[in-house]
Amino acid sequence: MERPTIGDIRDALNAKFSGAIVSEEEQYDFTVFTIRKESLLEIARYLYNDEQFQFRYLTTACGIHYPSSPEPFAMMYQLHSLVHNVRIRFKTYSASKDPEFDSLIPVFSAANWMEREAYDFYGFRFKGHPNLKRILNVEDMDYFPMRKEYPVEDLTREDKDDTMFGREASGYDRKKLMKE
Amino acid sequence: MELSKDIAEKEYTTLNLGPTHPATHGIFQNILKMDGEIVVDAEQTIGYIHRAFEKLGEHKPFYQITTLTDRMNYCSSPINNMGWHMTVEKLIRCELPKRVEYMRVIIMELARITDHLICNSVVGVDTGAMTGFLHIYQWREFVYEIYEEICGARLTTNIGRIGGFERDFNDIAWRKIKHFIKEYPKSLKEFEKLLMRNRIFMDRTIGTGPISGERALNYGFSGPNLRAAGVDYDVRVMNPYSSYQDFEFIIPVGTQGDTYDRFMVRQHEMWESLSIITQALEKLEQLEDKTSFHAEVPEFYLPPKEKVYNEMEALIYHFKIVMGETEVPKGEVYHCVEGGNGELGFYLISDGGRQPYRLHLRRPCFIYYQAYPEMIRGGFLSDAILTMSSMNVIAGELDS
Numbered sequence: 001m002e003r004p005t006i007g008d009i010r011d012a013l014n015a016k017f018s019g020a021i022v023s024e025e026e027q028y029d030f031t032v033f034t035i036r037k038e039s040l041l042e043i044a045r046y047l048y049n050d051e052q053f054q055f056r057y058l059t060t061a062c063g064i065h066y067p068s069s070p071e072p073f074a075m076m077y078q079l080h081s082l083v084h085n086v087r088i089r090f091k092t093y094s095a096s097k098d099p100e101f102d103s104l105i106p107v108f109s110a111a112n113w114m115e116r117e118a119y120d121f122y123g124f125r126f127k128g129h130p131n132l133k134r135i136l137n138v139e140d141m142d143y144f145p146m147r148k149e150y151p152v153e154d155l156t157r158e159d160k161d162d163t164m165f166g167r168e169a170s171g172y173d174r175k176k177l178m179k180e
Numbered sequence: 181m182e183l184s185k186d187i188a189e190k191e192y193t194t195l196n197l198g199p200t201h202p203a204t205h206g207i208f209q210n211i212l213k214m215d216g217e218i219v220v221d222a223e224q225t226i227g228y229i230h231r232a233f234e235k236l237g238e239h240k241p242f243y244q245i246t247t248l249t250d251r252m253n254y255c256s257s258p259i260n261n262m263g264w265h266m267t268v269e270k271l272i273r274c275e276l277p278k279r280v281e282y283m284r285v286i287i288m289e290l291a292r293i294t295d296h297l298i299c300n301s302v303v304g305v306d307t308g309a310m311t312g313f314l315h316i317y318q319w320r321e322f323v324y325e326i327y328e329e330i331c332g333a334r335l336t337t338n339i340g341r342i343g344g345f346e347r348d349f350n351d352i353a354w355r356k357i358k359h360f361i362k363e364y365p366k367s368l369k370e371f372e373k374l375l376m377r378n379r380i381f382m383d384r385t386i387g388t389g390p391i392s393g394e395r396a397l398n399y400g401f402s403g404p405n406l407r408a409a410g411v412d413y414d415v416r417v418m419n420p421y422s423s424y425q426d427f428e429f430i431i432p433v434g435t436q437g438d439t440y441d442r443f444m445v446r447q448h449e450m451w452e453s454l455s456i457i458t459q460a461l462e463k464l465e466q467l468e469d470k471t472s473f474h475a476e477v478p479e480f481y482l483p484p485k486e487k488v489y490n491e492m493e494a495l496i497y498h499f500k501i502v503m504g505e506t507e508v509p510k511g512e513v514y515h516c517v518e519g520g521n522g523e524l525g526f527y528l529i530s531d532g533g534r535q536p537y538r539l540h541l542r543r544p545c546f547i548y549y550q551a552y553p554e555m556i557r558g559g560f561l562s563d564a565i566l567t568m569s570s571m572n573v574i575a576g577e578l579d580s
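Heads up: the protein sequence lines correspond to chains A and B, in order. Take the first sequence: its position 49, counted from the start at 1, is 49 in this note's numbering, and no numbers get skipped. In this note's numbering, each residue's number is its place in the second sequence (first place is 1) plus 180.
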């Protein structure tokens with residue numbers, strides 16, 4: 001079996017899911033496909049089952065927050081075809097304040113905790129996830145700590161002023177957040 | 181005689197294993213549903229030592245994140261440190277001298293040996309054989325002494341810098357490394373004699389906590405646990421880093437994916453690591469370069485303190501690095517190394533600032549520990565404990 005190139009993968013995806021690939025870029029040794037989030041699960045299933053590609057290994061997945069972008073929330077997935085040693089990265093964006101993505105659990109069991117982690121830290125919901133609850137943080141936490149507006153320091157502390165060292169999260173007002 | 185309905189009905193017991201049960205070797209809880217001695221189902225609770233490394237990482241300059249990484253898998257912290265250094269080096273497109281890469285290989289393989297040594301001897305302890313653990317533990321102590329010679333620390337090593345090492349290895353370190361590869365095999369052989377073909381040990385471990393190769397892949401297993409299930413995925417071979425392509429070594433592979441296979445794979449990997457260290461020492465002998473211990477990347481490599489106090493350039497670069505005045509390329513980079521437990525990955529988004537914009541840590545433990553209920557279902561409680569220690573679940577890595 002021949003080792004598929006990135007071009008093969010792009011062509012196959014374009015033929016199978018027209019318009020699903022929004023953009024493509026090279027980031028160091030990875031090719032990053034930005035895809036529409038509606039096609040996420042189907043693309044993963046196709047790449048998993050396809051005899052030529054065999055992307056059977058979900059390396060990792062995580063959420064990302066770009067507060068100044070029109071589509072502020074993103075999920076990143078990395079797939080690895082161990083047979084051919086080809087790795088690709090998918091990113092999918094959501095403009096919603098309360099984003100929902102398809103769960104990849106039907107294809108990869110490994111996605112379970114990765115998605116719970118993304119829920120825990122970013123508040124993303126995953127359609128079809130059987131047990132979507134917090135995983136690393138305490139269950140009664142009422143915010144999503146990895147979103148950029150949450151500062152790293154405890155909000156109730158007043159003894160620290162780190163503005164000199166550039167530690168302040170962008171555009172947050174401690175007093176205002178406290179009131180909310 | 182007819183039994184009344186509530187007597188005949190089956191009853192299950194709920195058992196809390198953990199959070200601080202000594203047999204779990206770390207702080208995590210399992211809520212087990214038991215039918216007598218048999219585990220019917222399990223649910224894990226994790227996060228007891230969550231320290232928000234990913235969030236902290238967004239607020240620390242690159243060189244300070246090293247200290248976060250060695251608190252993940254604390255049984256093999258140098259691999260974590262170096263994985264992080266290599267991620268940043270990839271981002272800034274920095275190439276290291278061969279000598280530095282070989283020195284890193286030596287340290288990483290020593291770390292792998294200590295990691296496997298702890299895991300395997302603890303499997304022994306959980307089957308009732310305390311002797312192996314006590315006997316072989318001295319070698320972990322010895323490796324820690326080697327770390328101490330190189331970086332001054334033992335457990336949370338913070339070893340090396342972005343761009344290489346903070347100083348060259350001293351003579352004592354070299355001597356100790358040579359002593360280790362000479363003397364350790366004897367202890368390892370004795371340890372193998374004690375357990376490998378031991379009837380009790382084999383009865384306890386063969387067929388305990390098995391997982392098929394297909395399921396293991398689907399669960400994102402990596403490292404010795406995946407290889408025990410028969411999949412020969414090793415990052416060192418698949419995507420070599422730090423000149424691993426220059427070395428000859430075997431990837432041991434199991435067949436059943438059970439506790440015994442995991443034990444055997446780790447055992448064999450220790451021999452392979454010893455061989456890699458020997459090869460690295462030979463290669464270092466052959467290199468013409470006998471002195472370099474870091475790459476020439478003054479914008480990122482923290483200069484030695486004595487230079488900072490006495491040399492103009494070093495002071496300037498020190499100031500630039502610490503105050504975040506260096507130009508950092510923008511981009512996304514993923515780098516993975518073969519950690520003690522498998523693919524340890526760092527996903528770093530840089531927006532050109534002194535801290536990462538986003539840092540995601542792919543911790544192998546976190547990903548494969550979710551398969552635990554599937555592996556222990558239908559087995560005895562004591563086997564569940566054995567399965568956990570043979571999977572080498574490290575709380576620090578699990579909870580990040």
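Glycine included, every Cβ here is placed at the ideal spot set by N, Cα and C.
(message) Tell me the rounded alpha-carbon separation between residue 569 of chain B and residue 121 of chain A.
(response) 29 Å
(request) Please compile the residues from chain B whose C-beta is within a distance smaller than 9 Å of the C-beta of residue 44 of chain A. (result) Residues of chain B passing the Cβ test: none, with the nearest at roughly 12 Å.
(request) Measure the alpha-carbon distance for residue 239 of chain B versus residue 148 of chain A and round it to whole angstroms. (result) 11 Å
(request) Identify whether residue 624 of chain B lies in helix, strand or coil by the three-state DSSP scheme. (result) Residue 624 of chain B lies beyond the residue range present for chain B, which begins at 181 and ends at 580; the question has no answer from this structure.
(request) Write down every uninterrupted run of the alpha helix (DSSP H) in the region 362-450 of chain B whose length is 4 residues or greater and which is fully enclosed by it, in chain order. (result) 379-385, 393-398, 404-408 and 415-418
(message) For chain A, check one thing: does any of its Cβ atoms lie closer than 7 Å to the Cβ of residue 547 of chain B?
(response) yes
(request) Pair every Cβ in the region 477-493 of chain B with every Cβ in the region 365-381 of chain B, then say whether three or more of these pairs are closer than 8 Å. (result) no
(request) State the CB to CB distance for the pair residue 543 of chain B and residue 580 of chain B, rounded to an integer number of angstroms; the pair is presumed to be in contact (CB under 8 Å). (result) 6 Å
(message) Quick check: residue 474 of chain B and residue 266 of chain B, are their CB atoms within less than 7 Å of each other?
(response) Result no, Cβ atoms of residue 474 of chain B and residue 266 of chain B do not sit closer than 7 Å.
(message) According to DSSP, simplified to helix, strand and coil, what is residue 500 of chain B?
(response) helix
(message) Once DSSP output is grouped into helix, strand and coil, what is the label at residue 568 of chain B?
(response) helix
(request) Could you pull the start and end residues of the alpha helix (DSSP H) that residue 313 of chain B belongs to? (result) 310-331
(request) Below 8 Å on the Cβ atoms is my guess for residue 545 of chain B versus residue 446 of chain B; work out the distance and round it to an integer in Å. (result) Contact between residue 545 of chain B and residue 446 of chain B fails: their C-beta atoms lie close to 15 Å from each other, not under 8 Å.
(message) What does DSSP give as the partner residue(s) for residue 21 of chain A in the beta ladder?
(response) A/35
(message) Tell me which residues share the same chain as residue 137 of chain A and place their Cβ nearer than 6 Å to its Cβ, disregarding the 5 neighbours each side in the sequence.
(response) 120
(message) Just checking: is the beta-carbon of residue 110 of chain A within a distance shorter than 7 Å of some beta-carbon in chain B?
(response) yes
(message) Does residue 482 of chain B come out as helix, strand or coil in the three-state DSSP assignment?
(response) coil
(message) In whole angstroms, give me the CA-to-CA distance for residue 409 of chain B and residue 507 of chain B.
(response) 45 Å
(request) Tell me whether residue 435 of chain B is buried or exposed, calling it buried when 16 or more other Cβ atoms sit within 10 Å of its Cβ. (result) exposed
(request) Could you please give the first and the last residue of the uninterrupted beta strand (DSSP E) stretch that includes residue 77 of chain A? (result) 73-81
(request) Give the residues from the region 515-526 of chain B that approach chain A closer than 9 Å (Cβ to any Cβ), ordered along the chain. (result) If the cut-off is 9 Å between Cβ atoms, the region 515-526 of chain B has 515, 516, 523 and 525 near chain A.
(request) Could you confirm whether any beta carbon from chain A is found closer than 7 Å to the beta carbon of residue 220 of chain B? (result) no
(request) Could you tell me whether the Cβ of residue 49 of chain A comes closer than 7 Å to any Cβ of chain B? (result) no
(message) Output needed for residue 93 of chain A: all residues of its chain with C-beta closer than 6 Å, excluding positions within five of it in sequence on either side, in chain order.
(response) Answer for residue 93 of chain A: 71 and 74, listed in chain order.
(request) Would you mind working out which of B/422, B/423, B/421 and B/429 sits nearest residue 412 of chain B, comparing C-alpha positions? (result) Minimum Cα-Cα distance from residue 412 of chain B among the listed residues B/422, B/423, B/421 and B/429 corresponds to B/429.
(request) Look at the alpha carbon of residue 433 of chain B and the alpha carbon of residue 452 of chain B, and state the distance between them as a whole number of angstroms. (result) It is roughly 13 Å from the alpha-carbon of residue 433 of chain B to the alpha-carbon of residue 452 of chain B.
(message) Does chain D have any CB closer than 7 Å to the CB of residue 550 of chain B?
(response) In the structure shown, chain D does not exist; the protein chains are A and B.
(message) Contact defined as beta carbons within less than 8 Å: I believe residue 426 of chain B pairs with residue 463 of chain B. What is the distance between those atoms, to the nearest angstrom?
(response) 7 Å
(message) Just to confirm my understanding: we take residue 578 of chain B, look at its own chain, exclude 5 residues before and 5 after, and list those with CB closer than 8 Å. What are they?
(response) Within its own chain, the residues whose Cβ lies closer than 8 Å to the Cβ of residue 578 of chain B, once the five positions on either side in sequence are excluded, are 206, 208, 226, 543, 545, 546 and 549, listed in chain order.
(message) Please list the terminal residues of the continuous beta strand (DSSP E) segment that includes residue 58 of chain A.
(response) Run containing residue 58 of chain A: 57-65, per the beta strand (DSSP E) assignment.
(message) Report the CB separation of residue 416 of chain B from residue 518 of chain B in whole angstroms; it is logged as a contact under 8 Å.
(response) 5 Å
(request) With 7 Å as the C-beta to C-beta threshold (strictly closer), list the residues of the region 128-153 of chain A near chain B in chain order. (result) Look at the region 128-153 of chain A: the residues with a C-beta under 7 Å from a C-beta of chain B are 135, 136, 137, 145, 146 and 152.
(request) Work out the CA separation of residue 358 of chain B and residue 191 of chain B for me, nearest whole Å. (result) Using only the alpha carbons, I get a separation of about 59 Å.
(request) Identify the contact partners of residue 232 of chain B in chain A, using a Cβ-Cβ distance below 8 Å as the criterion. (result) 145 and 152
(message) Going by C-alpha to C-alpha distance, which of B/483, B/522, B/456 and B/334 sits closest to residue 284 of chain B?
(response) B/456
(request) Tell me, to the nearest whole angstrom, how far the beta carbon of residue 84 of chain A is from that of residue 10 of chain A; I am working on the premise that it is less than 8 Å. (result) With a Cβ gap of about 15 Å, residue 84 of chain A and residue 10 of chain A do not count as contacting.
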